[in-house]
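Have a look at the structure below before the remarks.
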Amino acid sequence: MKRDIFSFTVAPAVTLYASLLLNIVSSVGVIIVNKRLVYIEAGFRFGTLLTVIHFIVSFLGCLFFAWLRCFKLSSIPLLKVLPISLAFCGYVVFNNLSLLTNTVSVYQTSKILCTPLILWIEFAFYHRRESRRTLLSLIPICVGVAVTVYTDTELNLMGVLWAVLAILTNSLYTIWGKTKQMDLGVTPMQLLVYQAPLSAVILFFALPIDGIGELWSYEVTFTTVWAIALSCLFAFGVNFSFFLFVGQTSPLTMNVVGYFKTVLVFVGGSIFLPSETSAKTVAGVVLTLVGLAFYTYSKLQAISLPSLSKDAV
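Have a look at this one:
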């Protein structure tokens, strides 16, 4: 039976590390491009519309690879893809509202709650349990990220509500990113080609959040076009590598990788932007990296132990 080149069954280890590298580079790249080029240079501050454009380009990218016969289009009922599309769109909307109603510190710190929520959902609904060693490794990771991003606590009722909804939808999207591939028996690209346009259509109705008046009055320039084009290129890498990596690992590992990307952004900002790096930030970064090392070790041990048991038999 002939498999498409995006089914990734020949060299899983190579694919795993390649998808991890692609996700990290694309995620950090899209953050830098959006902050520096799209929002500042082009003055395009419409996050919801930008996400819609990202998904339209991701959909077209999938069709292009299908045309090249890199993968085969699969027939998937839209209702099967609707939950994960709604989860992502909910995350985009609630995340933006959380950022608008909370301080940056509260906004960043609240994301740490995704970790215990993912653990609980997977245990309660999917009967998956992590090892004690893995759970212990999450403590320095979460504490380290909190120390890195925390600066103040200024809570308000609406801000807390949007943050909780953003945490819930983000956790569901991360979990369903894996389970939908398994349940539907599809490859990452086969799922993305349905999820991307459906998410774009749903998010289209949330465009008023960006401000209709400002959208109509915005003047598109050449800088706008090439900045958004570069942003879309990185976003396609993020969307594709998300499904590819989470499909081979777990929602928890995908969540932990997000912490590593947060650390990279902070380190990159300290290196390339003129700002003072406090001892607290350095301590937080170091603690997070130590936790990530322990998490990686615990996962590698979990993989090697069954192999050793099999050899012993």
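When you read off a place in the sequence shown, starting at 1, and then add 4, the result is the number in this note's numbering. Beta carbons: idealized from backbone N, C-alpha and C, even for Gly. As the structure is a prediction and not an experimental result, all values here were calculated from the model.
Taking Cβ positions, are residue i and residue j nearer each other than 8 Å?
i: residue 270; j: residue 170; result: no
i: residue 176; j: residue 91; result: yes
i: residue 51; j: residue 106; result: no
i: residue 30; j: residue 241; result: yes
i: residue 227; j: residue 149; result: no
i: residue 94; j: residue 182; result: no
i: residue 247; j: residue 195; result: yes
i: residue 110; j: residue 158; result: yes
i: residue 142; j: residue 295; result: yes
i: residue 116; j: residue 179; result: no
i: residue 204; j: residue 60; result: yes
i: residue 207; j: residue 55; result: yes
i: residue 243; j: residue 200; result: yes
i: residue 188; j: residue 84; result: yes
Can you tell me whether residue i is helix, strand or coil according to DSSP?
i: residue 34; result: helix
i: residue 13; result: Confidence in residue 13 is poor, its pLDDT being 49 and thus under 50, which makes the residue's placement too unreliable to answer from.
i: residue 77; result: coil
i: residue 157; result: coil
i: residue 231; result: helix
i: residue 249; result: helix
i: residue 254; result: coil
i: residue 224; result: coil
i: residue 203; result: helix
i: residue 282; result: coil
i: residue 48; result: coil
i: residue 191; result: coil
i: residue 23; result: helix
Using only the alpha-carbon positions, how far apart do residue i and residue j sit?
i: residue 26; j: residue 220; result: 35 Å
i: residue 144; j: residue 292; result: 6 Å
i: residue 283; j: residue 80; result: 51 Å
i: residue 215; j: residue 53; result: 10 Å
i: residue 312; j: residue 306; result: Low confidence applies to residue 312: its pLDDT is 39, below 50, so where it sits in the model is not reliable, and the reading given next is rough at best. Using only the alpha carbons, I get a separation of about 10 Å.
i: residue 68; j: residue 303; result: 36 Å
i: residue 152; j: residue 190; result: 38 Å
i: residue 138; j: residue 289; result: 19 Å
i: residue 209; j: residue 101; result: 15 Å
i: residue 112; j: residue 154; result: 8 Å
i: residue 236; j: residue 268; result: 21 Å
i: residue 24; j: residue 260; result: 12 Å
i: residue 128; j: residue 217; result: 45 Å
i: residue 165; j: residue 119; result: 18 Å
i: residue 39; j: residue 238; result: 13 Å
i: residue 287; j: residue 82; result: 47 Å
i: residue 37; j: residue 233; result: 10 Å
i: residue 22; j: residue 192; result: 14 Å
i: residue 104; j: residue 33; result: 23 Å
i: residue 96; j: residue 89; result: 11 Å
i: residue 131; j: residue 48; result: 44 Å
Counting along the chain, where does the alpha helix (DSSP H) carrying residue i start and finish?
i: residue 173; result: 161-188
i: residue 87; result: 82-105
i: residue 42; result: Note, residue 42: premise wrong, no alpha helix (DSSP H); not H, not E.
i: residue 60; result: 51-71
i: residue 217; result: 216-221
i: residue 210; result: Per DSSP, residue 210 belongs to no alpha helix (DSSP H) and is neither H nor E.
* To do: Give, in chain order, every unbroken run of the alpha helix (DSSP H) that is at least 4 residues long and sits entirely within the stretch 106-132.
  => Within the stretch 106-132, the runs of alpha helix (DSSP H) at least 4 residues long that lie entirely inside it are, in chain order, 108-114 and 118-130.
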